[in-house]
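Per the numbering used here, the sequence shown starts with residue 25, numbered consecutively.
Just so you know, even glycine gets a beta-carbon here, dropped at the ideal spot from N, CA and C.
Some notes on the structure that comes next.
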Amino acid sequence: MDGVCVDFLGAAMATQGYDANGYFKRWLGEHPGQLFPEELMGKTPVEFFTHPHLRTAEFWANLIPFSWFEKLYSELDRLGHVIFLTAPISAPGCVQGKHQWLINQFGNDFHEFIFTRHKERLAHANAYLVDDMPFNIDPFVSRNGHGLLFPQIWNAHSGVDDPVAHVIERLEQNLAS
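Below you can see the structure in the form of structure tokens.
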């Protein structure tokens with residue numbers, strides 16, 4: 025979810041007093057593809073990602089979808105069965121908040137999700153993982169799944185202008201082969 029469907033990092037920045045848009049511009053210009061530029065952020069990843077606000081269900085439930093979310097979901101749904109495979113962080117409200125976010129988007133009867141830090145355990149020859157983190161993609165692929173790296177400024181596809189088109193084109197190519 026976070027990094028592909030919702031702007032987790034922008035919200036995490038805003039709740040800590042950062043100007044997210046300004047920092048994203050600098051990140052892309054000065055540190056493209058770098059996972060977490062400490063010198064830019066002025067904090068270690070542990071300091072940043074353990075902020076008290078990130079521990080609440082409200083934070084996760086109220087994350088704003090990226091502008092492309094509906095198009096991405098629609099295109100993925102057109103091509104196959106979509107299941108949200110999302111890794112919780114070590115925060116009391118994370119799973120509850122992510123679950124609430126999914127309910128808010130899709131209704132109370134929505135059950136197409138799995139919360140796990142072990143995405144690779146669900147890999148098989150007909151499974152495709154769309155993720156913004158290479159450290160999730162690589163183990164998935166090594167277990168015979170297919171991985172599609174979703175373009176973000178913190179990964180190798182940081183310069184891609186249309187992330188949805190990028191992913192859907194590659195997925196269609198993989199499905200056709």
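Measure the alpha-carbon distance for residue i versus residue j and round it to whole angstroms.
i, j, result
"residue 209", "residue 66", "The first residue shown for the chain is 25 and the last is 201, placing residue 209 beyond what the model contains."
"residue 55", "residue 94", "29 Å"
"residue 158", "residue 30", "18 Å"
"residue 122", "residue 33", "14 Å"
"residue 111", "residue 142", "8 Å"
"residue 119", "residue 139", "7 Å"
"residue 85", "residue 78", "11 Å"
"residue 161", "residue 144", "8 Å"
"residue 167", "residue 149", "9 Å"
In the structure shown, what three-state DSSP assignment does residue i receive?
i, result
"residue 87", "coil"
"residue 171", "strand"
"residue 64", "helix"
"residue 133", "coil"
"residue 76", "helix"
"residue 59", "coil"
"residue 166", "helix"
"residue 160", "helix"
What is the residue span of the beta strand (DSSP E) that residue i lies within?
i, result
"residue 138", "137-139"
Can you pull the DSSP bridge partners for residue i?
i, result
"residue 262", "The shown model of the chain, from 25 to 201, leaves out residue 262, and the question about it has no answer."
"residue 30", "26 and 89"
Return the first residue and the last residue of the alpha helix (DSSP H) that residue i is part of.
i, result
"residue 108", "Counting along the chain, residue 108 falls outside any alpha helix (DSSP H), though it belongs to the beta strand (DSSP E) covering 108-110."
"residue 188", "187-200"
"residue 119", "118-130"
"residue 145", "Unbroken run through residue 145: none, as it is neither H nor E."
"residue 244", "This structure cannot speak to residue 244, because the chain is shown only from 25 to 201."
Please report the Cβ distance between residue i and residue j, rounded to the nearest whole angstrom; I am assuming they are in contact, meaning their Cβ atoms lie under 8 Å.
i, j, result
"residue 172", "residue 199", "Going by Cβ atoms, the distance from residue 172 to residue 199 rounds to 11 Å, so no, they are not a contact pair."
"residue 80", "residue 117", "4 Å"
Does the beta carbon of residue i sit closer than 8 Å to a beta carbon anywhere in chain C?
i, result
"residue 28", "The structure shown contains no chain C; it holds only a single protein chain."
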